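Visitor:
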Amino acid sequence: MALVNIISAIGNNNTPYPLLIRDCGIENPIKVMIARRENAKESKEISNEATRERIIDEYATSAVWLGGIPLTEAVYDKFMKKQGWSPDINLNLFKEEEIINKRNAKKAVGEIKDIVAQGIEYNIEKFKNIQAKDVQEALADLTKVKNNRLGYEKMLTGKFCAATIIPTIVMGFVLPKMNFALTRKLRAKKAQDQQNLNNNKTNQTSFMSLNYDKFDSFDLQQKKQVTFTGGFASAVANLSTVNKMAITDGGLTVGRITTSRNKEEGYMNAFRMIGSMIINYVTPAYIALGLNKTANKLFKINVDLDPIILDDQKFAQAIENNNFELPKSKTAQDIIEFLDNKPDSLFSQYAAKMKKVSYLESGYRDPRKYIDIDDMSKFIDEFESFIKNAKNSTDIAKFAKKAKGVKYFNILANVGLSSFLLAGVLPKAQYLFNKAVTGSYLDPGLRKK
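Numbering follows my numbering, in which position 119 of the sequence shown is assigned residue number 119; successive positions increment by one, without gaps.
1) For Val32, collect the residues of the same chain with a Cβ closer than 8 Å to its Cβ; drop the 5 residues on either side in sequence, then sort them by chain order.
2) What does DSSP give as the partner residue(s) for Tyr359 in the beta ladder?
3) In angstroms, rounded to a whole number, what distance separates the CA positions of Glu73 and Ala163?
4) Can you name the start and end residues of the alpha helix (DSSP H) that Lys244 belongs to?
5) Contact defined as beta carbons within less than 8 Å: I believe Glu265 pairs with Val437. What is the distance between those atoms, to the nearest angstrom?
6) Find the nearest neighbour of Met376 within the set Thr253, Met354, Ile69, Val303, judged by alpha-carbon distance.
7) Applying the criterion that 16 or more other CB atoms from any shown protein chain within 10 Å of the CB defines a buried residue, is Asn321 buried or exposed?
8) Please report how far the alpha carbon of Ile380 lies from the alpha carbon of Leu326, in whole angstroms.
9) Return the chain-ordered list of same chain residues with a C-beta closer than 8 Å to the C-beta of Pro307, the five sequence neighbours on each side being excluded.
10) Kindly list the residues whose CB is nearer than 7 Å to the CB of Met155, restricted to its own chain and excluding five residues on each side of it in sequence; keep chain order.
11) Could you tell me the alpha carbon to alpha carbon distance between Ala63 and Lys328, rounded to whole angstroms?
12) Alpha carbon to alpha carbon, what distance is there between Lys44 and Leu291?
13) Within 10 angstroms of the Cβ of Thr425, are there 16 or more other Cβ atoms? Answer buried if so, exposed if not.
14) Decide yes or no for the touch test of the region 441-449 against the region 251-265: beta carbon pairs closer than 8 Å, at least 3 of them.
15) Terminal residues of the continuous alpha helix (DSSP H) containing Asp381?
16) Val242 and Pro16 look like a contact to me (Cβ under 8 Å); what is the Cβ gap, rounded to whole Å?
17) Using CA atoms only, rank isn't needed, just tell me which of Thr258, Lys133, Thr61 is closest to Asp366.
18) Between the alpha carbons of Asn14 and Ser240, how many angstroms are there, rounded?
19) Helix, strand or coil for Glu42, going by three-state DSSP, please let me know.
20) Assuming Gly151 is part of the alpha helix (DSSP H), what are its boundary residues?
21) Helix, strand or coil: how does DSSP classify Gly439 here?
22) Alpha carbon to alpha carbon, what distance is there between Pro87 and Gln430?
23) In chain order, what residues of the same chain have a beta carbon less than 6 Å from the beta carbon of Gly119, not counting five sequence neighbours either side?
24) Tell me where the alpha helix (DSSP H) around Arg261 begins and ends.
25) Could you tell me the distance, in whole angstroms, from the CA atom of Asn147 to the CA atom of Gly363?
26) Under 8 Å by Cβ, that's how I've got Ile319 and Ala246 pegged, so tell me the actual separation to the nearest angstrom.
27) Of all the options Phe386, Leu360, Glu384, Lys356, which has the alpha carbon lying nearest to the alpha carbon of Asp374?
28) Name the residue from Leu175, Thr394, Pro427, Val303 whose alpha carbon lies nearest to the alpha carbon of Phe383.
29) Just reading off the alpha helix (DSSP H) that Thr294 is part of, what are its end residues?
30) Thinking just about the alpha-carbon of each residue, which of Lys244, Ala400, Thr183, Asn434 is nearest to the one in Gly67?
31) Pick helix, strand or coil for Phe324, following the three-state DSSP scheme.
32) Check the C-beta distance from Asn269 over to Ser276 and give it rounded, since I have them as a contact under 8 Å.
33) Going by the C-beta, is Val236 closer than 6 Å to any heavy atom of the ligand HEM?
34) Buried or exposed: Tyr359, going by 16 or more other Cβ atoms within 10 Å of its Cβ?
Here's what the structure looks like:
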């Protein structure tokens, strides 16, 4: 993978790639090291146990957290296809009904600003005369969903529940108990070896005085079945993988607290997990915003555009030749008309690369996908701002190259700052919190009474 693609991936906070770099590449090894060092202040034995537990906890959890959702969704998509459903249809296409209902409720059509430019029925009608095989297959998928919306919503709700609940249970409840059980087993073996060495026949089990089994039962049968359809199905079906990871992180937090071996460990887990969620999902967006604003102020460069776009020489040439085309307005009708009529334009190609629009192999726009008009309007704003600044420079090619360099720096600085907070500040603060609450640096779940 080219460097620009790597930088682009880790700079997109709406994808799992920045989390992968921070979590596995930087955060986990440093957190293991800090756990070992902090516990070693009071006990070498517990330091070794804490190191083992943290390695298993961090890396096993990361594997499930980062891979669990895509894997579960891939399996579920195959199940949907076997049932005759396409997993590619966006339920937001049913929004055309809301617009039509608003229009019918008004006395004057002119009072309605929204114009239907996409939707289930609209797309079927618009693309029906296109004979390309992939277009007709897409229309068949749309027609099936149109005729059985409720069944499709139930399918998507099931997909969401499977993709979030299964990883949450594994990370939050299964892995911690397995980890704790391993510690108990190794401690028991060590104690038995010591007994045999001393020829002590008494059943020495003082190390089991901790109430490890307090939360041993997690009864899924106690949960009530709830059926979600309609707006809920549409909302959850369009959540990104990162959004779903945030939801599983919330479930992971609950799981880690309730499976804690004592209340002090529960406090520390709550502090650690909540802090991690804030730094993972909230902080990077604000850091990126601050870095981009600073770049704009210092260098008069707008670096909101993706590095892949800034790296493309065709983009700079199009600006220089004054032939970079954009939709004539930011209305849904003009944006979609441009994407449909000019799929080979640079703007349409960039929109496709940024996954804002999808084109079929035949070159036609995929009628099953929904175009987020607000997001596309923002995309247009980013181009307009950059082009304006570029035209004010003396050399557009050099300006684009400089913008790419600033963007690279901002992305790497964001990853560095976020990683420092996650891997350095948060773990250290966690053990200071532990010391304040328990009077000891030892992990509360490993401390012997």
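For glycine and all other residues, C-beta sits at the position ideal for the given N, C-alpha and C.
None of the values given here were measured: they were computed from a predicted structure.
Guide: According to the data block:
1) Thr51, Arg54, Ile55, Glu58
2) Arg365
3) 6 Å
4) 241-258
5) That pair is no contact at about 10 Å.
6) Met354
7) exposed
8) 7 Å
9) Val4, Ile7, Ser8, Gly11, Lys404, Lys407, Tyr408, Ile411
10) Met80, Trp85
11) 46 Å
12) 43 Å
13) For the sequence presented, residue 425 should be read as Val rather than Thr. Looking at its Cβ environment, which holds fewer than 16 other Cβ atoms inside 10 Å, Val425 is exposed.
14) yes
15) 373-391
16) 6 Å
17) Lys133
18) 7 Å
19) coil
20) 149-169
21) coil
22) 42 Å
23) Leu93, Glu96
24) From DSSP, Arg261 is part of no alpha helix (DSSP H); its letter is neither H nor E.
25) 27 Å
26) That pair is no contact at about 37 Å.
27) Lys356
28) Val303
29) 283-299
30) Lys244
31) coil
32) Incorrect: roughly 10 Å between the Cβ atoms, too far for contact.
33) The ligand HEM is not among the ligands present in this structure, which contains no ligands whatsoever.
34) buried
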